[in-house]
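If you read the sequence shown in my numbering, its first letter stands for residue 29, the second for the next number, and so on. Even for Gly, the Cβ is constructed at its ideal location relative to N, Cα and C. Here is the structure we will look at, set down as structure tokens.
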Amino acid sequence: MTLKAYQHKRKFDQTPEPSPSLPGKLGLGAHRPKKKLIFVVQKHHASRLHYDFRLEQDGVLRSWAVPKGPSMDPTIKRLAMQVEDHPLAYARFHGTIPPGNYGAGTVAIWDHGTYEPLLVKPDELKIRLHGKKLTGEFALVRMKGRPRQWLLIKHRDQTH
Ligand code: MN
29 MTLKAYQHKR
39 KFDQTPEPSP
49 SLPGKLGLGA
59 HRPKKKLIFV
69 VQKHHASRLH
79 YDFRLEQDGV
89 LRSWAVPKGP
99 SMDPTIKRLA
109 MQVEDHPLAY
119 ARFHGTIPPG
129 NYGAGTVAIW
139 DHGTYEPLLV
149 KPDELKIRLH
159 GKKLTGEFAL
169 VRMKGRPRQW
179 LLIKHRDQTH
């Protein structure tokens, strides 16, 4: 995993988003033994409204853009487009990305919390989320032949 794509897309003298080259100003360093893994969902009013779903994995935030947002309904599958990994400090980011910059618009934290990885495979993740809005088991499944397209699906469990 690398943050090069994240870095190349942004001008850090213009956007308030965290630069990966700076130390974790938000206290979210990569080396956090025994700490719980975090997730965040950011509501992003860019050229099109979407929700950015991010899971801490190997010291970065693995990220997907979910156009319709996550659903707690197990009968609903939501398209989730994998995007570039983001730095851990991005989990606390909210604010305005100025016009002319990548992702220009406003970012608000929609939900956040910790998660447990239940299954981690190249084409499938099963996770248990402990957020405010999102709780319980979810699956992310990569669509065959479409490397960046995944489906985000709520599993039936005791929380639903
Ligand atoms: Mn976004």
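Should residue i go down as buried or exposed, given a rule of 16 or more other Cβ atoms within 10 Å for buried?
i      : result
ALA33  : exposed
LEU146 : exposed
PHE20  : Residue numbering for the chain in the displayed model covers 29 to 188; residue 20 lies beyond these limits and cannot be assessed.
MET171 : exposed
LYS53  : Legend: pLDDT at LYS53 = 46, less than 50; position of this residue unreliable, value from coordinates given subsequently. That one is exposed.
ILE66  : buried
VAL91  : As written in the sequence, residue 91 is Ser, which differs from the Val given in the question. Its Cβ being crowded by 16 or more others within 10 Å, SER91 is buried.
ASP185 : exposed
LEU77  : exposed
GLU165 : buried
LEU168 : buried
VAL148 : exposed
Look at the Cβ atom of residue i, then the Cβ atom of residue j, and state whether they are nearer than 9 Å.
i      : j      : result
PRO189 : LEU31  : For the chain, the structure presents residues 29 to 188; residue 189 sits outside this window and is missing.
HIS114 : LEU153 : no
MET100 : LYS160 : no
ALA136 : HIS122 : yes
LEU162 : PRO102 : no
TYR118 : PRO46  : yes
Could you tell me which residues DSSP pairs with residue i in its beta bridges?
i      : result
PRO145 : ILE155
MET109 : ALA93, GLN177
LEU65  : TYR143
ALA167 : LYS154, ILE181
THR30  : DSSP output for THR30 lists no bridge partner at all.
Considering only C-alpha positions, which residue in the set the options is nearest to residue i?
i      : options                        : result
GLU84  : TRP178, ARG184, ARG156, LYS161 : ARG156
ILE104 : GLN186, ASP185, LEU179         : LEU179
LEU116 : ARG82, PRO127, GLU165          : ARG82
GLY173 : TYR79, GLU112, ASP151          : ASP151
ALA108 : ALA119, VAL94, TRP138, PRO102  : VAL94
THR142 : LYS64, VAL111, PRO175, ASN129  : LYS64
VAL68  : ALA74, HIS140, ARG106, ARG120  : HIS140
For residue i, verify whether its CB is less than 8 Å away from any heavy atom of ligand 3.
i      : result
MET100 : As presented, the structure is devoid of ligand 3, carrying ligand 1 as its sole ligands.
| request: Measuring from each Cβ to the nearest heavy atom of ligand 1, keep the ones under 6 Å and list them in chain order. | output: HIS72, ALA74, HIS78, ASP80, ALA93, GLY131
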